[in-house]
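Everything below concerns the one structure shown next.
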Amino acid sequence: MPDYRLLPKYRYPVAIEDCYNTYLWVLENSESLGINKDRTIFIGDSAGGNIAVAVTVMLKDRNQPIPQGNMLIYPVLDKRMTTESMMKYTDTPIWDSKCNKRFWDMYLKGCDLSRTRYSSMSEIDHLDFFPKTYVEVAEFDCLHDEGIAFAKTLISEGVDAEYYSVHGTCHGFEVATRSSILNECMKRRIEWIKNVCMIKD
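Here the sequence shown stands for residues 1 to 201, numbered as in the UniProt record's numbering.
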C-alpha cells in the first residue's frame, strides 16, 4: 500500500497524487520489482476506495495505463451525503454519517469545489472506461447506498462490475478476523482477484 500523506495535515488532492505517482513508479520499475504490469488491481477500503477510483479516473484523464481491476470495500464516494443509508446510520460503530461529514469538511477545507474533480467520485460522468470492478459494502454503514449506487452506475455504462452487501456487518468488520462472515468475504475477494488476473490454482 502506498504510504501516502494523510489528513489533517495534507488535504485534497495530496493523497490521490501520491498514489498516482506511486502507481506510475511501479509500472516504470515493474521488471526489477518482479511485477507483471499487465495484471494490476487497485484495492481500497473506505477512504482508500475513494483514492482507488480517483486514481483510475486521473490515469484516464492523463492518458496513462489504467489497472485491470478495482476492488472497493465500503468506499467513500459522495460528498453530497444524500442517500437513505447516510440519513439512517448516524450512530453506528467505527464510522457513521457524522464521521463522514467531518471527513469531507476536513478533506476539502479551503478548496474551490469547482476544481475538485477527483474528490466526490459518484459525481463523475462517463465511467465506461472503467476496468472490472468489485464493490462490497456493509449492511449497517452510512456508506452502504453510495457504494451500491456506484456499482450500478458502472453496470449501466457497460462495465463488468459486481457488488455485495454483507449482511449483519458494520464499517470495518474485518477487525473480527476469525469471523465466518469475513472468511466468506475473503474467499470471494480472492476468487475475483484470481479471475481478473487470470491466476490458475
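Ideal placement from N, C-alpha and C gives every residue a C-beta, glycine not left out. If you're wondering where the values come from, they're calculated on a predicted model, not measured in any experiment.
(message) Could you tell me the alpha carbon to alpha carbon distance between Ser30 and Asp91, rounded to whole angstroms?
(response) As a working mapping, residue 30 is identified with position 30 in the sequence shown. As a working mapping, residue 91 is identified with position 91 in the sequence shown. Computed Cα separation, rounded: 44 Å.
(request) Can you grab the Cα-Cα spacing for the pair Ile155 / Asp125, in whole Å? (result) Position 155 of the sequence shown, counting from 1, holds the residue named residue 155. Position 125 of the sequence shown, counting from 1, holds the residue named residue 125. Taking the straight line joining both Cα atoms gives about 13 Å.
(request) Assuming Tyr134 contacts Leu72 (C-beta within less than 8 Å), just tell me the rounded distance between them. (result) Taking the sequence shown and counting its residues from 1, one reaches residue 134 at position 134. Taking the sequence shown and counting its residues from 1, one reaches residue 72 at position 72. Rounded, the Cβ-Cβ distance is 7 Å, consistent with contact.
(request) Give a yes or no on whether the C-beta atoms belonging to Asn50 and Met106 are separated by under 8 Å. (result) Residue 50 sits at position 50 when you count from the first residue of the sequence shown. Residue 106 sits at position 106 when you count from the first residue of the sequence shown. Cβ distance not < 8 Å, so Asn50 and Met106 don't count as in contact.
(request) Taking all protein chains shown into account, decide if His167 is buried (16 or more other Cβ within 10 angstroms of its Cβ) or exposed. (result) Mapped onto the sequence shown, residue 167 falls at position 167. Classification of His167: exposed, given that the 10 Å Cβ count is below 16.
(request) Could you tell me whether the region 93-106 touches the region 134-148, where touching means 3 or more Cβ pairs closer than 8 Å? (result) yes
(message) Assuming Asn29 is part of the beta strand (DSSP E), what are its boundary residues?
(response) Within the sequence shown, residue 29 is the residue found at index 29, counting from 1. Where Asn29 is concerned, there is no enclosing beta strand (DSSP E), given that its DSSP letter is neither H nor E.
(request) Measure from the alpha carbon of Leu77 to the alpha carbon of each residue in Tyr4, Ser46, Pro8, Gly158, then state which is nearest. (result) Counting from 1 along the sequence shown, the entry for residue 77 is found at position 77. Selected option, being the one with the closest Cα: Ser46.
(request) Look at the alpha carbon of Lys101 and the alpha carbon of Asp145, and state the distance between them as a whole number of angstroms. (result) As a position in the sequence shown, residue 101 is number 101, starting the count at 1. As a position in the sequence shown, residue 145 is number 145, starting the count at 1. Near 16 Å, if we compare the C-alpha coordinates of Asp145 and Lys101.
(request) Return helix, strand or coil for Val42, following the three-state DSSP convention. (result) One-based indexing of the sequence shown puts residue 42 at position 42. At residue 42 the sequence reads Phe, which differs from the Val that was named. Three-state DSSP puts Phe42 in a strand.
(message) Considering only DSSP beta bridges, list what Leu7 is partnered with.
(response) As a position in the sequence shown, residue 7 is number 7, starting the count at 1. Partner(s): none; Leu7 has no beta bridge.
(message) Determine whether the beta carbon atoms of Leu27 and Pro65 lie at a separation below 8 Å.
(response) Counting from one through the sequence shown, the residue named residue 27 turns up at place 27. Counting from one through the sequence shown, the residue named residue 65 turns up at place 65. Cβ distance < 8 Å, so Leu27 and Pro65 count as in contact.
(request) Using only alpha-carbon positions, find the residue among Lys88, Glu136, Leu59 that is nearest to Tyr164. (result) The sequence position of residue 164 within the sequence shown is 164, counting from 1. The option with the nearest alpha carbon to Tyr164 is Glu136.
(request) Compare the C-alpha of Thr169 against each of Phe129, Leu113, Asp18, Tyr74 and name the closest. (result) Position 169 of the sequence shown, counting from 1, holds the residue named residue 169. If we check each option's Cα against that of Thr169, Tyr74 comes out closest.
(message) Which residue wins for smallest C-alpha separation from Ile16, given the options Asp38, Asn36, Gly48, Ile35?
(response) For this step, residue 16 is matched to residue 16 along the sequence shown. Nearest of Asp38, Asn36, Gly48, Ile35 to Ile16, Cα basis: Gly48.
(message) Under DSSP, the beta strand (DSSP E) around Ala138 begins and ends at which residues?
(response) Along the sequence shown, read from residue 1 onward, the residue named residue 138 stands at position 138. Run containing Ala138: 132-140, per the beta strand (DSSP E) assignment.
(request) Measure the alpha-carbon distance for Cys185 versus Thr116 and round it to whole angstroms. (result) Taking the sequence shown and counting its residues from 1, the one referred to as residue 185 is at position 185. Taking the sequence shown and counting its residues from 1, the one referred to as residue 116 is at position 116. For Cys185 and Thr116, the distance between alpha carbons rounds to 33 Å.
(message) Short of 8 Å in beta carbon distance, which residues of its chain neighbour Phe173, apart from the five on each side in sequence? Order them along the chain.
(response) To locate residue 173, count along the sequence shown from 1; it is residue 173. Closer than 8 Å at Cβ, skipping near neighbours: Ala138, Val166, Ser179, Ile181, Leu182.
(message) Taking the alpha helix (DSSP H) that Val57 belongs to, which residues open and close that run?
(response) Residue numbering aside, residue 57 sits at position 57 when the sequence shown is read from its first letter. Counting along the chain, the alpha helix (DSSP H) containing Val57 begins and ends at 47-61.
(request) Note down, in chain order, each residue of its chain lying with its Cβ closer than 8 Å to the Cβ of Thr56, except the 5 sequence neighbours on either side. (result) Against the sequence shown, residue 56 aligns to sequence position 56. Hits under 8 Å: Phe42, Ile66, Pro67, Asn70, Phe130, Pro131.
(request) Out of Phe103, Tyr89, Ser85, point me to the one whose CA is closest to Lys79's CA. (result) Within the sequence shown, the letter at position 79 stands for residue 79. Ranking the options by Cα distance to Lys79, first place goes to Phe103.
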